[in-house]
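In what follows, a structure is listed as structure tokens, so that the remarks can point back to it.
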Amino acid sequence: MGRRFQGRRLAGAFDGPGCVVLLACLGVALTLGFVAPSAAGSAPSFAAARNYAVGRGPISVAIGDLNGDGKPDLATANSGARTASVLLGKGDGSFEPKRDLAIAGADGFAVGDLNGDGRPDLATVSSGTPITASVFLNGGDSGFEPRRDYPGTINGVPSAIAIGDFNGDGKPDLVATDAAGRVAVFLNKGDGSFLRQRRL
1 MGRRFQGRRL AGAFDGPGCV VLLACLGVAL TLGFVAPSAA GSAPSFAAAR NYAVGRGPIS
61 VAIGDLNGDG KPDLATANSG ARTASVLLGK GDGSFEPKRD LAIAGADGFA VGDLNGDGRP
121 DLATVSSGTP ITASVFLNGG DSGFEPRRDY PGTINGVPSA IAIGDFNGDG KPDLVATDAA
181 GRVAVFLNKG DGSFLRQRRL
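Right, here's the structure in full:
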């Protein structure tokens with residue numbers, strides 16, 4: 001009797017939903033026991049920081065291959081200096097001295113191909129009456145073309161600018177946000193120039 005009872009007891013213990021939870025917990029515990037040491041052993045490490053001079057008051061930074069050499073470059077928007085600083089990458093983690101572009105203001109910064117020529121362009125947004133989106137088209141070896149400004153229809157202090165196709169025509173548009181929670185969209189004509197801002 002004792003053996004039959006013990007056998008029924010064991011069978012019953014593995015038939016209920018509680019057993020499924022128990023086995024799942026055991027499986028997770030065993031898995032974590034093996035994963036945790038390997039995760040701890042692969043923690044990233046970094047070399048000492050290298051500092052590079054940019055314009056006064058940098059508030060935004062973006063990464064992109066700005067000169068088409070296959071190496072990532074840096075660009076910063078500098079609110080205090082009203083400049084954008086471009087630092088070309090050497091490919092070994094270091095960068096050349098900055099090259100400055102005069103901008104209307106710097107409250108946000110974005111990098112993307114705005115005119116479809118395969119080269120990343122620069123876009124900034126600045127505060128004022130009204131706020132203004134500024135675009136620097138990438139001329140390749142000749143550097144960036146002169147700034148083109150696109151005044152908006154809302155006033156205030158912008159907080160960010162981004163690039164995306166917002167009307168589904170395959171052309172990258174600009175969107176800016178301000179501190180009051182408003183959103184403004186600048187639709188791309190297809191050549192890297194933009195229509196007057198639409199407020200959302």
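Quick note on numbering: the sequence shown equals residues 1 to 200 in our numbering. For glycine and all other residues, C-beta sits at the position ideal for the given N, C-alpha and C.
Considering Pro172, what are the terminal residues of the beta strand (DSSP E) in which it resides?
That residue, Pro172, is in no beta strand (DSSP E); it is neither H nor E in DSSP.
Would you call the CB atoms of Gly184 and Gly108 closer than 7 angstroms?
For the sequence presented, residue 184 should be read as Ala rather than Gly. Taking 7 angstroms as the Cβ cut-off, Ala184 and Gly108 do not qualify as a contacting pair.
I need the DSSP call for Ser142, collapsed to helix, strand or coil.
Of the three classes helix, strand and coil, the one that applies to Ser142 here is helix, per DSSP.
Do the region 59-69 and the region 110-119 touch if we need at least three Cβ pairs shorter than 8 angstroms?
yes
Kindly say whether Asp169, judged by its beta-carbon, lies nearer than 7 angstroms to any beta-carbon of chain B.
Absent from the structure: chain B. Only one protein chain is present.
Helix, strand or coil, according to DSSP, for Asn67 in the structure here?
The three-state reading of DSSP puts Asn67 in coil, since its state is none of H, G, I, E or B.
Determine the closest residue to Val125 out of Asp100, Gly164, Leu74, Ser79, with distance taken between C-alpha atoms.
Comparing alpha carbon positions, the residue from Asp100, Gly164, Leu74, Ser79 closest to Val125 is Ser79.
For Thr31, does the three-state DSSP call read helix, strand or coil?
Low local confidence applies: a pLDDT of 44 at Thr31 is under 50, so the model's placement there is unreliable, with the coordinate-based value given in what follows. In the structure shown, Thr31 sits in a helix (DSSP, three-state: H, G or I).
Note down the Cα distance separating Pro130 from Gly192, rounded to an integer number of angstroms.
Gly192 has its alpha-carbon roughly 21 angstroms from the corresponding atom of Pro130.
Which value, in whole angstroms, describes the spacing of the CA atoms of Lys98 and Gly57?
Rounded to whole angstroms, Lys98 and Gly57 show a C-alpha spacing of 14 angstroms.
Give the range of the beta strand (DSSP E) segment to which Tyr52 is assigned.
Note, Tyr52: premise wrong, no beta strand (DSSP E); not H, not E.
Do the CB positions of Lys171 and Asn155 come within less than 7 angstroms of each other?
No. Outside cutoff.
If the criterion is Cβ atoms closer than 7 angstroms, does the pair Ser94 and Val54 meet it?
no
Could you round the C-beta distance between Phe144 and Leu101 to whole angstroms and report it? I think they count as a contact, below 8 angstroms.
6 angstroms
Sorted by chain position, which residues of the same chain lie with C-beta nearer than 7 angstroms to Leu195's C-beta, five sequence neighbours on each side aside?
Phe186, Leu187, Lys189
Taking the beta strand (DSSP E) that Pro158 belongs to, which residues open and close that run?
158-164
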